[in-house]
Every structure is written in C-alpha cells, then in structure tokens.
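Chains as they are written, first to last, in this note's numbering: chain A, 449 to 753; chain B, 4 to 265.
This is how it looks when you write it as structure tokens:
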C-alpha cells in the first residue's frame, strides 16, 4: 500500500498549502516524488519520532494538517505520550501513518512488527484508527481522514485490490452470502485476503456473510452486521493484531451489549511469537493460525455445528 | 523598577491560590514568575507561549489573570473539583494556553513545530517556551534542539528556568548540567545567560536575541532560585511539594510585602 499511499499524497495533497508531510527518516524508493512536489513542506525530522509528533502538534496548532510517516512500530510505540498529550488531548489534525502493520515486516523481526498498534492508539481520546484491507479501501480511508480533520492513525499493509463480489460500505467492505448465511465472518486488515481465499477455495461463499471493518475503535455494530449475527448465531473474527484491544474483543462486547444470541464465537488473531521463531509475514500468520489453510478448517468446523 | 510591584503582586497571588488550595508546587512557580512577566507582558500579538514546566501552572494562571486572559471567577476555582484550572494546565480551555503540559520534555518540540510553521507561513511571530533545567534531561528536548538548529529557527526563543533543583535532588548530582550554556551553544543555539529574577534584564536579553536574525534558535538561561522571595522556601527542594501552614502563609506574605511592595 505504500506506493499507493505516496501516489495519493502526490496527486491529492502535495499541492495543498495547508498540508505538511514529515517523515521519520524513512521512505526510500517511495516518497521521493512527494518530497520534490512539496518542497519546504516536506520535512525529514530525522531519527527522532517523539519530536516529530510533538512538532506536528505545534504545526497543526497553527492551522496545518500534518502527516507523520514512519514504519508502524516506530511511530506508534515510541511517541505514545506525544500522541496522547500533544495531539489527541488537543484534537489536532495530525495523521500518523505506519507502514507494515501487523507482521508486515516479516523477517525483520519483532522490533519491526506492530501487532498491538490499534490497541495502543485506539483508546486515546479523539483518535480514529484506519486499517484498510485493500488498496481501494486505502483511498477511502485517506479521504475520510482528511475530511475528518482530527487525530488519525493509518495502518498500511499489503496492497491488493478489492476482490470481485465485494462492495464498499461505510465501515469498510462486505460480501454477503449468496444463499442463506450460516456464519458471520468479520475481518480487519489485509489478512482479509487469506479469509477471502479460504472462503472462495472451498465454496463456502454461499454460506458466509463477510464483513471487513476498517475503523477502530469499533463503537457500534452496523445494521448489516447485527442482522447477520442475529441470523447465523455463529461468528468468526480474523485480525492480524493481538486479542487485547482488537477487533474480536470489541465485537464480542458489542454483541453481548446488543443481546444477540450467539452460539459459536471464534477469534483468530496475532498470537505473538508462540515458538519464539521468526520468518516472513506468511510464516507468522501461520504461527498464529491466520493462514488460509487454518482459516478454512476453522470455517469448516464452525459450519459443522 | 517598573516591574517590582507586579512581581510582588503576582507572588502574593500565587501564595493565596496555593494556600487556598492547600497545594504544593509553590517553589517552582516562584522560580519562574519573573520570566513569565518578562515574556507575557511584552509579547506581540501572534506570538505564542508554552509553559513546558506545566507544574508552574499557578504562575501561568496569575499572569494570565493579570493580562485578562483568565477571569477572576475562574481563578477562584483553582485546584477545586470541577475547575478548569487544575495543577497542570488543561487542554482546549483558554486561547492563551495553546497546549496542556505537565509531562516534561513536550514544550520544546511543540514550540519548534510552531516556529517552523511560522517560518513556512512567513508570519514573523515568535514562538516562546519556558522549560525547567530538569527537563533538559529529556531526550525530546535534545531532539527538538537539533531540529531547531538544522531548520534555522531564529524565531524560537526558549527560556530555561535554571534553579539547579529537580524532582529528587540537585541537577548537578543527577545527570550533570544538561542546561549548561556550553552544551546549547555547541549545538548551535544563540545563548544568553541572565539573572532570572530581574525582569528588566530578562526583557533586555529577549529583545536583544529577537534582533539577532542569524538563523540560530535562541536560548535564555535564566539563573533563578526556587521559591524566590520567601527565605524559608529558597533553594529548598521540599517546596516543590509542600503546602503552607497558616503561619507559613502569613510569614510568606509579610516577606513579599517587605521585599517587593514598599
């Protein structure tokens, strides 16, 4: 998504005098054109993420909208207090963009992964976390972020286009069962591609309502999700994020509060480093059961009840 | 001494607020109130001021009450339940307080960002920030300092309230003197050291630095005394924390009257 992100900035925002782009010394082979087009409004803050966010708040207080770019873990964890105190408390239009959410940086290792990022940020006041699953969705999220003009976090990941048969919704995207739904699957982030592969390969599509949620914190159930859960009574959530503070936990709370009758609820999520072994993003997805094969077997089991 | 009466008046106001609230953080407010007078009584429209050492909020509130930015009724609620004036400034309450502070090391990055924005817009406004010497321990202060130098932010004026005491000891005994002029000069700041309780000297230092458009960010190291003006509080770490007894309050007011108000 990084390439699509930089193209969006280049084509839509770079010319706007009210936008500043700050990078935490990253963006090789991606941000060069943005830098060229923005001139003095493109700033390399150096290897100093906390100052980057503090300064961004200062600039935003003077009327600018400020995009802060780095890789996800550096821009989320290192500067949490700057996000909370400087940006979120003051409801300022600072948009933090983290590349490689989840296990996106694969073999780079745990320092470069961000599997608690949404939990970390989505509890702060005034912020919304945007987690696009597809490139089409990324553009929708960027439109929403710049229209909203409030603190935002954008998690970038693998950039595939939205598959055929799926359509955009106000919460992300959906692909309803072609026949009577027996299972509701709720997904976040590009790991959605694994779910789509699992559903497509075994012909489960006719029995599954699939929802892709791109915004956190999840504050309410959309009518479509609510109706689906009520009809199927079986829910599977899939996310490349730890359970705490993630999609599954939030959805479970909302389902309980709505008193929806659910017989089966299964959450697939990032399990950290269960065997203390490291590898590609696909390796880590497999370690956590987020791979196509495991998702397929979980779906089969849920449908068998 | 045109500022002397004001220095006394605001000190008494600070004491009254703290005595009424039964609260600490008196010494740090008395340490920097004269700096705030120097900046906030002379600043131009469009200039911004960030109190990075947010624990000196009572000093900020009194001077902003003096400049008409915080009404008397609000001041009366200081430290009480349902107040908009807590012990550290709150966000989004008063236009003259652009940022809530209280965690150290945030002010210089914020002020550098404002200064950079002013440069991009070509406003000619000055970005002021008041820091404690203790908070120059924070890495963010150093990150922002290097940014300010690299971006030639000569519209940034930082002031360090250098009273030599921090949370649990003398600054020199903890991490060494991270507020030393030599360090900040070596980084590329234009540094002036001055007496921190002489408002006229502080104003002169500030005015001199503002005329110096040489691409260097500015730093005033203001040599101060924690608890300045009240003999039993001066240079005593405990007056970062302690509230006054009734007798101590009476003694303090009497001393300020003698020193500043005659």
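From the three backbone atoms N, C-alpha and C, an ideal C-beta is built for every residue, glycine too.
Roughly how many angstroms lie between the CA atoms of residue i and residue j, to the nearest whole one?
| i | j | result |
| --- | --- | --- |
| residue 219 of chain B | residue 157 of chain B | 5 Å |
| residue 209 of chain B | residue 41 of chain B | 8 Å |
| residue 538 of chain A | residue 511 of chain A | 13 Å |
| residue 155 of chain B | residue 98 of chain B | 27 Å |
| residue 13 of chain B | residue 69 of chain B | 8 Å |
| residue 48 of chain B | residue 131 of chain B | 13 Å |
| residue 143 of chain B | residue 612 of chain A | 48 Å |
| residue 541 of chain A | residue 599 of chain A | 5 Å |
| residue 544 of chain A | residue 601 of chain A | 5 Å |
| residue 108 of chain B | residue 92 of chain B | 15 Å |
| residue 739 of chain A | residue 454 of chain A | 29 Å |
| residue 718 of chain A | residue 595 of chain A | 31 Å |
| residue 519 of chain A | residue 666 of chain A | 24 Å |
| residue 212 of chain B | residue 571 of chain A | 43 Å |
| residue 502 of chain A | residue 711 of chain A | 47 Å |
| residue 741 of chain A | residue 672 of chain A | 27 Å |
| residue 781 of chain A | residue 74 of chain B | Here chain A covers residues 449 to 753 and nothing more, so residue 781 of chain A does not appear. |
| residue 475 of chain A | residue 111 of chain B | 26 Å |
| residue 162 of chain B | residue 558 of chain A | 40 Å |
| residue 656 of chain A | residue 629 of chain A | 5 Å |
| residue 679 of chain A | residue 51 of chain B | 58 Å |
| residue 452 of chain A | residue 83 of chain B | 52 Å |
Near residue i, what residues of its chain come up, given a Cβ to Cβ distance below 6 Å and the 5 sequence neighbours on each side ignored?
| i | result |
| --- | --- |
| residue 495 of chain A | 473 |
| residue 636 of chain A | 579, 661, 687 and 695 |
| residue 408 of chain A | The requested residue 408 of chain A is not part of the displayed model; chain A covers only 449 to 753. |
| residue 187 of chain B | 194 and 222 |
| residue 514 of chain A | 468, 504, 507, 508 and 542 |
| residue 118 of chain B | 130, 156, 158 and 159 |
| residue 105 of chain B | 57 and 91 |
| residue 264 of chain B | 11 |
| residue 39 of chain B | 62 and 66 |
In its own chain, which residues sit with a C-beta less than 7 Å from the C-beta of residue i, not counting the 5 before and 5 after it?
| i | result |
| --- | --- |
| residue 713 of chain A | 683 and 700 |
| residue 180 of chain B | 174 |
| residue 196 of chain B | 184, 224 and 226 |
| residue 458 of chain A | 481, 482 and 485 |
| residue 677 of chain A | 632, 683, 703, 708 and 710 |
DSSP state of residue i, grouped into three classes?
| i | result |
| --- | --- |
| residue 495 of chain A | coil |
| residue 563 of chain A | coil |
| residue 460 of chain A | helix |
| residue 126 of chain B | coil |
| residue 202 of chain B | helix |
| residue 679 of chain A | helix |
| residue 476 of chain A | coil |
| residue 172 of chain B | strand |
| residue 44 of chain B | coil |
| residue 454 of chain A | helix |
| residue 164 of chain B | strand |
| residue 621 of chain A | strand |
| residue 22 of chain B | helix |
| residue 752 of chain A | helix |
| residue 587 of chain A | helix |
| residue 731 of chain A | helix |
| residue 490 of chain A | strand |
| residue 510 of chain A | coil |
| residue 34 of chain B | helix |
| residue 558 of chain A | helix |
Could you tell me the boundaries of the beta strand (DSSP E) in which residue i lies?
| i | result |
| --- | --- |
| residue 257 of chain B | It is not in any beta strand (DSSP E) - residue 257 of chain B instead sits in the alpha helix (DSSP H) that spans 249-263. |
| residue 616 of chain A | 615-617 |
| residue 603 of chain A | 600-603 |
For residue i, which residues does DSSP report across the bridge?
| i | result |
| --- | --- |
| residue 518 of chain A | A/546 |
| residue 657 of chain A | A/632 |
| residue 572 of chain A | Looking at the DSSP assignment, residue 572 of chain A forms no beta bridge with any residue, so it has no partner. |
| residue 196 of chain B | B/224 |
| residue 51 of chain B | B/130 |
| residue 685 of chain A | A/634 and A/715 |
| residue 582 of chain A | Residue 582 of chain A is not bridged to any residue. |
| residue 663 of chain A | A/578 |
In the DSSP assignment, find the alpha helix (DSSP H) that holds residue i and state where it starts and stops.
| i | result |
| --- | --- |
| residue 471 of chain A | From DSSP, residue 471 of chain A is part of no alpha helix (DSSP H) but of the beta strand (DSSP E) over 467-471. |
| residue 187 of chain B | 184-190 |
| residue 240 of chain B | Residue 240 of chain B -> no alpha helix (DSSP H), and no H or E assigned at all. |
| residue 641 of chain A | 640-649 |
| residue 69 of chain B | 60-69 |
Can you give me the Cβ contacts of residue i inside the same chain, cut-off strictly under 8 Å, excluding the 5 residues immediately before and after it?
| i | result |
| --- | --- |
| residue 81 of chain B | 20, 23, 24, 61, 64 and 88 |
| residue 563 of chain A | 550, 551, 688, 689, 690, 718 and 720 |
| residue 653 of chain A | 613, 623, 625, 626 and 647 |
| residue 245 of chain B | 27 and 29 |
| residue 238 of chain B | 166, 167, 168, 228, 229 and 230 |
Regarding residue i and the ligand ATP, is the C-beta to nearest heavy atom distance less than 7 Å?
| i | result |
| --- | --- |
| residue 602 of chain A | With respect to the ligand ATP, the structure shown offers nothing to examine, as it has no ligands at all. |
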